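Structure first, then comments.
2 protein chains.
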Amino acid sequence: MGSKTTLKDLARILEVSISTVSKALNDNPEISIETRNRIKQIAKSYKYVPNNIAQSLKSKSTKTIGVIIPAILLEFFSKVLYGIEVESTKRGYKIIICLSNELYKKESESIDTFINGSVDGIILSVAEETQKKKKHSHFQKIINYDVPMVMFDRVAKEIECDKVTVDDFEGAQKATKYLFKTGCENIVFINPISNISVGQLREDGYINAMQDLQLSPCVVNVDNYNLIEKELTELLQNKKIDGIVTADEYSAVLAINVARLNGYKIPDDISVIGFTNGLMAEYSIPSLTVVSQHAENIGKLAVKTLLDRIEGKSRKEPVHQIVRTKIIERNSTKKLN
Amino acid sequence: MGSKTTLKDLARILEVSISTVSKALNDNPEISIETRNRIKQIAKSYKYVPNNIAQSLKSKSTKTIGVIIPAILLEFFSKVLYGIEVESTKRGYKIIICLSNELYKKESESIDTFINGSVDGIILSVAEETQKKKKHSHFQKIINYDVPMVMFDRVAKEIECDKVTVDDFEGAQKATKYLFKTGCENIVFINPISNISVGQLREDGYINAMQDLQLSPCVVNVDNYNLIEKELTELLQNKKIDGIVTADEYSAVLAINVARLNGYKIPDDISVIGFTNGLMAEYSIPSLTVVSQHAENIGKLAVKTLLDRIEGKSRKEPVHQIVRTKIIERNSTKKLN
DNA sequence: TTGAAAGCGCTAACAT
DNA sequence: ATGTTAGCGCTTTCAA
């Protein structure tokens, strides 16, 4: 098992040239069928495996894509990642993952590890800090280095690249109107992620829907989950509320708990609808009606878009694709009947 | 931005040799400080970035590690992955991820994508199907190709390599004895993963503890989560039960629900303790007492072990490290007082 | 049908 | 202090 048989080794053993071996193993018809077989057999018996790095250097294609996500413990991202992996593998690509942990610095460093030729393209979702500070020169760098890139979910609008997002605006609209249809009129919106693009879009969608419905919007922005209990309790004491839409999943679960602590029944007194269809939504009691973003599909679509771009199947201009959300009805909202 | 400046380009522009440029950029003192600066400046203005693939080919080191996990939607694995990413990044390594989706074939293919020189080492946890069918020639291949490997959590005992596991046996023992201390005597064990190594170990730990306590064990093996409701309901009707230990997290949540549907109060009538400290445990009602495996630490430890091996800091013989579990007390069990 | 040679981009031992 | 050369392992054009 002395390590790594190379073409050179095989050539020496077989007493032919390196190029003959290479051609034979690649089934090049230039080489006679007998020699091909002889060479293949020896290659096999020596457990020859072509060195992928050398191939990449030669071909200038690594068949791998770099993925940068803000967090992997957020279920949404791990679902997207699942979609990315499935689709990449299907198309013969590997994936290298970097986590930005929501930090600009880590995101920027991850980009540096990717623009040195180690990947053929990049899929990323913007870190919270980056969006807060509105930085994007590091993204521009990717463009400047001609590395194909697809942004998903949290995107930087200043950057010209392919994008895959969710119709967050419309999703929140739908959620709000859904509550209205089940009889709610005093609907509040809880937003713990107003500083990231999707949080803002969801808030806007809610406000828009409320205006459409001739109702007055009421938005609760919180920096921090700990504040939800206090803010919501206060609100419940000062205001009639019969519906709550939240910009994420966790807030919805918290909202349910807070409402119950204040003596309200869910969904009889108050209906709650959250964003993101994850485990929490499924296992909370009552189970949570949510706006699902089809995370897995987003991942797959991002890969398709990127690979089409890499393989030159796309039009020149960047495309922005929007995945439609869908309401998953569970028990935290009244039935539509 | 015509793509990719190379050393050659810089050499031409600067009218020096390629090696001079290379040395200058690597701060080689052979090169005079003035030339170094001049070269660095030009390199910068041309946005030169060394090609990582070429460097890898030359150095025979990719600074990346390959990770193969059975699933990413299982929170345990995404937590381990988080630990892996954090530790790798800290030590200057990238990670390539493949998912086996619990399938032998995909696992085997993933191994093939890794033994061609694209990674310096492999971290993996064995797919369910692989464990069921007791296959391991593909793992042996990794060894034969001299690729350093660390197995974590679900390991193949036939393969001689570094391993990081959880003391599943002891964890289940502790859980069982914990229930006993809170007053339970009729404790059953629900096992939906008896076909994978850790499931078996947990079952054995439970049985051992019961015997120690002079109680008679009662194990419910299920192939499928759907069966839990039926099996447990039946059991509850025929047998006095005051404690349930499960081999995973989800079964515990189901067990709670089934017990409640049958009119039992948790934890007053029945205490429930699960394995894996995830979201479900935190958000179930009542919140679930669990045996935590310190997933993140497992990931970090796996990386440390692998890199120490790669960098030649380990003894020759494979080491098997065991991470101790810990009981996280929540509300599905009676207090120890 | 086979082989020689160049080159992918880089590093480094060895001249100069 | 700088340059020449060889070579990492592979592919591929061109020559024999």
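Those protein sequence lines, which keep their order, are chains X and P.
Number 209 in our numbering belongs to position 128 of the first sequence; there are no gaps in the numbering.
Number 239 in our numbering belongs to position 158 of the second sequence; there are no gaps in the numbering.
Just so it is clear, CB atoms sit at the ideal spot from N, CA and C, and this is done for glycine as well.
Keep in mind it's a predicted model, so treat the numbers as computed, not measured.
Simplified DSSP assignment, three categories, for valine 384(P): DSSP places valine 384(P) in the helix class (H, G or I) of the three-state scheme.
Which first and last residues belong to the beta strand (DSSP E) in which isoleucine 120(X) is found? Counting along the chain, isoleucine 120(X) falls outside any beta strand (DSSP E), though it belongs to the alpha helix (DSSP H) covering 114 to 126.
How should asparagine 182(X) be labelled, buried or exposed, when 16 other C-beta atoms within 10 angstroms of its C-beta is the threshold for buried? Residue burial is scored here from C-beta neighbours: asparagine 182(X) has at least 16 other C-beta atoms within 10 angstroms and is therefore classed as buried.
With 16 other Cβ atoms within 10 Å as the buried cut-off, status of proline 110(P): When all chains shown are included, proline 110(P) counts as exposed.
Residue environment, tyrosine 259(X), which counts as buried when at least 16 other CB atoms sit within 10 Å: Counting Cβ neighbours within 10 Å, tyrosine 259(X) comes out buried, since at least 16 surround it.
How would you write the range of the alpha helix (DSSP H) that threonine 145(X) sits in, first residue to last? Run containing threonine 145(X): none in the alpha helix (DSSP H); it sits in the beta strand (DSSP E), 145 to 150.
Taking the straight line between their C-alpha atoms, what separation do you get for threonine 145(P) and isoleucine 177(P)? If I take the Cα positions, the gap works out to 7 Å.
Boundaries of the alpha helix (DSSP H) in which aspartate 243(P) is found, first to last residue: Where aspartate 243(P) is concerned, there is no enclosing alpha helix (DSSP H), although the beta strand (DSSP E) it sits in stretches over 243 to 247.
Within chain X, partners of proline 131(P) - CB distance below 8 Å: Per Cβ cutoff of 8 Å: Asn197.
Would you list, in chain order, the members of the segment 334 to 360 of chain P that have their beta-carbon closer than 7 Å to a beta-carbon of chain X? Correct list: Val334, Leu360.
How far does the beta strand (DSSP E) with valine 269(P) in it reach, from first residue to last? Where valine 269(P) is concerned, the enclosing beta strand (DSSP E) starts and stops at 268 to 272.
Counting Cβ pairs, one atom from each stretch, are 3 or more of them under 8 Å apart for the segment 182 to 196 of chain P and the segment 182 to 195 of chain X? No: the two stretches stay apart, fewer than three of their Cβ pairs being nearer than 8 Å.
Can you tell which of Glu398(X), Ile94(X), Lys175(X), Met291(X) has its C-alpha closest to the C-alpha of aspartate 193(P)? For aspartate 193(P), the nearest C-alpha among the options comes from Lys175(X).
Can you grab the Cα-Cα spacing for the pair glutamine 122(P) / tyrosine 364(P), in whole Å? For glutamine 122(P) and tyrosine 364(P), the distance between alpha carbons rounds to 56 Å.
Mapping DSSP to helix, strand and coil, what is asparagine 107(P)? Asparagine 107(P): coil per DSSP, three-state reduction.
If you reduce the DSSP assignment to three classes, tell me which class isoleucine 165(X) lands in. Shown here, isoleucine 165(X) sits in a helix according to DSSP, grouped into three states.
Top-ranked residue by Cα proximity to glutamate 392(X), from Gly252(X), Gly380(X), Tyr287(X), Thr143(X): When only C-alpha atoms are compared, the closest one is Thr143(X).
Would cysteine 179(P) count as contacting chain X if we go by Cβ distances under 9 Å? Chain X, which has a Cβ nearer than 9 Å to the Cβ of cysteine 179(P), makes this yes.
Can you find the residues in the same chain that come closer than 7 Å, C-beta to C-beta, to lysine 213(X), ignoring five residues on each side of it along the sequence? These residues qualify, in order along the chain: Asn276.
Mapping the DSSP letters down to three states, classify leucine 308(P) as helix, strand or coil. Of the three classes helix, strand and coil, the one that applies to leucine 308(P) here is helix, per DSSP.
If you drop the 5 nearest sequence neighbours on each side, which residues of the same chain put their C-beta closer than 7 Å to that of glycine 83(P)? With a pLDDT of 47 at glycine 83(P), under the threshold of 50, the modelled position of this residue cannot be trusted, and the question is left open.
For the segment 363 to 375 of chain P, enumerate the residues whose C-beta is nearer than 7 Å to any C-beta of chain X, in chain order. From the segment 363 to 375 of chain P, only Tyr364, Ser365, Ile366 have a Cβ closer than 7 Å to chain X.
For lysine 104(X), is the beta carbon positioned less than 8 Å from some heavy atom of the ligand HEM? In terms of ligand content, the structure shown is empty, and the ligand HEM therefore cannot be addressed.
Is the beta carbon of threonine 357(X) sitting closer than 9 Å to the one on glutamate 410(X)? No.
DSSP on asparagine 302(P), reduced to helix/strand/coil? Three-state DSSP puts asparagine 302(P) in a strand.
Close-in-space but distant-in-sequence residues of the same chain around serine 373(P) (CB under 8 Å, 5 per side omitted): Excluding residues within five positions, the ones whose Cβ falls inside 8 Å are Thr357, Asn358, Thr406, Lys407, Ile408, Ile409.
List the residues of chain P that alanine 135(X) touches, going by C-beta distances under 7 Å, in chain order. The answer, in chain order, is Leu138.
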